[in-house]
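**Student:** Everything in the sequence shown is counted per the numbering used here, starting at 1266 for the first residue and increasing by one.
By construction, the Cβ of each residue, glycine as well, lies at the ideal position given by its N, Cα and C atoms.
Every value quoted in this text rests on a predicted model; they were computed, and no experiment measured them.
Below you will find the structure I want to go over with you.
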Amino acid sequence: MNFELKALTAAGAAREKCDLLLVLVSDQAALGSDAIGAMVAHAVKQGDFALSCGKQLALYQVPAIAARRVLLVGLGAGSAKDVRNALAGCAAALKSEGVEKAVVSFAAEADATSVTAAVQALGDATYAYTHTKSQAKPIALKKIVLGVQGKTAALSAAFDMGVAQQEGVAVAREWANRPANHATPTMLANAAKSIAKAARMSCKIHGPAEVAKLGMGAFMAVAQGSREPLRFIELHYNGGAKSEAPIVLVGKGITFDTGGISLKPAAEMDEMKFDMGGAASVLGVFQALAKLQPAINVVGLIPACENMPDGAAVKPGDVVTSMSGQTIEILNTDAEGRLVLCDALHYAARFKPTAMVDMATLTGACVIALGGLRSGLFSADGELAAALQSAGDTAMDPCWRMPLDDEYAEGLKSNFADMGNVAGRAAGAVTAAKFLQKFVGDIPWAHLDIAGTAWKSGAAKGATGRPVGLLLQFLLNKAGSAKVAKPTKAVKTAAPRAAAPRRAASKARTTKAAV
Ligand code: BES
Ligand code: MN
Ligand code: ZN
């Protein structure tokens, strides 16, 4: 989608030629005597339109308004959340046939968070999954102009952030939505390589031989039951000084989770294609960093593989040696996420990061605890936890801190190894986090359990792109919004389509791992 920020008064919005004009009106807006203001006031007075959040009134070929179609949209009190919710309800209008250019105009002064929220909501509303649909035709909409009263530096920065964020969210949604046979570890690695063509970015793909050489016995144990070779994806973004320690993001990249020998039941097993939502969020964040070029160093790590049952699969009771040297008794092969993550977290130490954050669709228990609203946040570091929580609130991609008392680790004891990979059923999201914590050493670390937030089930089944918003906000807060790095070479950002492999019909590329 092509977005543009434009200074538009109410009279200016009325003059703007387009197929669809959305007029966003909060109940605080002072309506003028211009064509739009007068019409809104009249419609409200007649009881045909209300200003509560999400209310709409559709109009056609209104005199003195250049747009063919007009949709009045109520914003309620007009908070950023109201803007998001109201625009979510405009998806059908934005996607309708014959709408190639839309103008979305705030009737009153908008603040920076509302501008970011509007762009993100418009990105979400106009995303459509088509990759494996033979009859799908792309939506007609090509351009969205966001009209604000005055185009200040703060609003421009908020707009740029929104454009980058919605692009990152779209990348995350797209990869998470793709079926496991269209999003293999190799395909994720190719997507990473494509994103890393941007300025200040690089990418290294480790294949099975390199991962074996690194001694990642826990990661390899999960992958050994699959015909699909594993990939360990390492992305680097260097927007900060060379001497500056990076932040490491680690994303769980299980491209399909059958449970392995501890096989999952058949019902809804298809949803385990989303078990690489953490990995998808790393790709999405890097897509956004490519576009924004902030002054910060970031490393992205993705251990990617399938979890399959097979004659060669790891068995309950098998003991494996992780890269850290700690041995693990794999009591349940369905607790595989922590096994791939523990080796990636140990590997991350070599970058001497100021902090590392992992994102994982890790436990069903977290879905029970927090549902689909907030991601589970686990960290022993109060400052890091507060920074992530506040970034999530700002980005409207919220999380909630959970406990990490040492007593929760007791259930992980094993008679045959340094630890087991599961504890009892109680506090399953916490015991999973306690397992990960054994591999982070003294580096400030946080874990986001996104099992409930990375995708939706039911009729609206599909990936959400979370927690790209939270992570991007967190990183930009760290970078300091003013210090944007000047690219050293031309910024060639890979658009979502370009970053993605070809359509279903075309043969998947089978690039061999190269180091
Ligand atoms: N990918 C699942 C977690 C999951 C389950 C996410 C349901 C979303 C919905 C993970 O690998 C898993 O299977 N976890 C087990 C852990 C258990 C064996 C300790 C779980 O949550 O049941
Ligand atoms: Mn599992
Ligand atoms: Zn899993």
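Mind checking whether the beta-carbon of E1601 lies closer than 7 Å to any heavy atom of the ligand ZN?
**Tutor:** At least one heavy atom of the ligand ZN lies less than 7 Å from the C-beta of E1601.
**Student:** If you follow the alpha helix (DSSP H) that A1351 is in, where does it begin and where does it stop?
**Tutor:** Per DSSP, A1351 belongs to the alpha helix (DSSP H) from A1345 to A1353.
**Student:** Quick one: using the 10 Å Cβ neighbour count with 16 as the cut-off for buried, is S1379 buried or exposed?
**Tutor:** buried
**Student:** Name the DSSP bridge partner or partners of N1217?
**Tutor:** An answer regarding residue 1217 cannot be provided, because it is not within the stretch 1266 to 1780 covered by the chain.
**Student:** Between T1626 and V1410, what straight-line distance do the alpha-carbon atoms span, to the nearest angstrom?
**Tutor:** Roughly 36 Å separates the two Cα atoms.
**Student:** In chain order, which continuous runs of the alpha helix (DSSP H) of length 4 or greater are located wholly inside the region 1547-1635?
**Tutor:** 1602-1613 and 1629-1635
**Student:** When the Cβ atoms of the region 1697-1708 are set against those of the region 1610-1627, are three or more pairs found closer than 8 Å?
**Tutor:** yes
**Student:** If you draw a straight line from the C-alpha of D1623 to the C-alpha of L1337, how long is it?
**Tutor:** When rounded, the distance between both Cα atoms is 42 Å.
**Student:** Which ranges would you report for the alpha helix (DSSP H) in the region 1631-1712 if only whole runs of at least 4 residues count?
**Tutor:** Entirely contained in the region 1631-1712, the alpha helix (DSSP H) runs reaching 4 residues are, in chain order, 1647-1659 and 1693-1702.
**Student:** Which value, in whole angstroms, describes the spacing of the CA atoms of N1267 and K1407?
**Tutor:** Taken atom to atom, the span from the alpha-carbon of N1267 to that of K1407 is near 6 Å.
**Student:** Under 8 Å between the Cβ atoms of V1798 and T1592?
**Tutor:** Residue 1798 lies beyond the range of the chain shown here (1266 to 1780); nothing can be said about it.
**Student:** Do you know offhand how far A1728's Cα is from S1298's?
**Tutor:** 44 Å
**Student:** Check this for me: beta carbons of M1573 and A1441, under 8 Å apart or not?
**Tutor:** No, Cβ-Cβ distance for M1573 and A1441 is not below 8 Å.
**Student:** Bridge partners of E1499, per DSSP?
**Tutor:** K1469 and L1566
**Student:** Does any residue of chain B bring its CB to less than 8 Å from the CB of G1354?
**Tutor:** Structure shown: chain B not included; a single protein chain is present.
**Student:** What does the alpha-carbon distance come out to for the pair S1370 and N1686?
**Tutor:** 53 Å
**Student:** Taking 7 Å as the line, does the beta carbon of D1662 fall inside it for any heavy atom of the ligand ZN?
**Tutor:** no
**Student:** Have a look at I1498 and A1356 and give me their C-alpha separation to the nearest angstrom.
**Tutor:** 35 Å
**Student:** For G1693, I'd like the list of residues in its chain whose CB is within less than 6 Å of its CB, leaving aside the five on either flank, ordered along the chain.
**Tutor:** T1628 and A1630
**Student:** Candidates E1509, G1415, L1352 and F1539: which alpha carbon is nearest A1437's?
**Tutor:** F1539
**Student:** Less than 8 Å separating the beta-carbons of L1479 and A1488?
**Tutor:** L1479 is not a Cβ neighbour of A1488, given a cutoff of 8 Å.
**Student:** My guess is that F1700 and R1603 are in contact by the Cβ rule of under 8 Å, so how many angstroms apart are they, rounded?
**Tutor:** 5 Å
**Student:** Three-state secondary structure (DSSP) at K1517?
**Tutor:** Looking at K1517 - three-state DSSP - the assignment turns out to be coil, as it is neither helix nor strand.
**Student:** Do the region 1464-1471 and the region 1508-1525 meet, that is, are 3 or more Cβ pairs less than 8 Å apart?
**Tutor:** no
**Student:** Quick check on the burial criterion: 16 or more other C-beta atoms within 10 angstroms. Buried or exposed for W1665?
**Tutor:** exposed
**Student:** Over what stretch of residues does the alpha helix (DSSP H) that includes F1268 continue unbroken?
**Tutor:** Taken as a continuous stretch (DSSP letters only), F1268 belongs to no alpha helix (DSSP H), being part of the beta strand (DSSP E) at N1267 to A1272.
**Student:** Between the region 1551-1565 and the region 1500-1511, are three or more C-beta pairs nearer than 8 Å?
**Tutor:** Yes: the two stretches touch, three or more of their Cβ pairs being nearer than 8 Å.
**Student:** Extract the residue ranges of the alpha helix (DSSP H) inside the region 1282-1318, only unbroken runs of 4 or more that lie entirely within it.
**Tutor:** As far as the region 1282-1318 is concerned, its whole alpha helix (DSSP H) runs of at least 4 residues are 1300-1310.
**Student:** Select from S1361, A1393 and A1372 the residue whose C-alpha is nearest the C-alpha of K1726.
**Tutor:** A1393
**Student:** Just to check, is the beta-carbon of T1626 closer than 7 Å to a non-hydrogen atom of the ligand ATP?
**Tutor:** What this structure holds is the ligand BES, the ligand MN and the ligand ZN, not the ligand ATP.
**Student:** Determine the contact status of L1273 and V1476, defining contact as a CB-CB distance below 8 Å.
**Tutor:** no
**Student:** Can you have a look at N1680 and say buried or exposed, based on whether 16 or more other CB atoms are within 10 angstroms of its CB?
**Tutor:** Counting the other CB atoms within 10 Å of its CB gives N1680 a total below 16, which places it among the exposed residues.
**Student:** How would you write the range of the alpha helix (DSSP H) that Q1431 sits in, first residue to last?
**Tutor:** Secondary structure note for Q1431: its alpha helix (DSSP H) is the uninterrupted segment A1418 to N1442.
**Student:** Is the distance from the Cβ of Q1385 to the Cβ of G1427 below 8 Å?
**Tutor:** Their beta carbons are under 8 Å apart, which means Q1385 touches G1427 by this criterion.
**Student:** Return the chain-ordered list of same chain residues with a C-beta closer than 8 Å to the C-beta of K1757, the five sequence neighbours on each side being excluded.
**Tutor:** Because K1757 carries a pLDDT of 48, less than 50, the predicted location of this residue cannot be relied on, and no value is offered for it.
**Student:** Can you grab the Cα-Cα spacing for the pair K1360 / D1662, in whole Å?
**Tutor:** 25 Å
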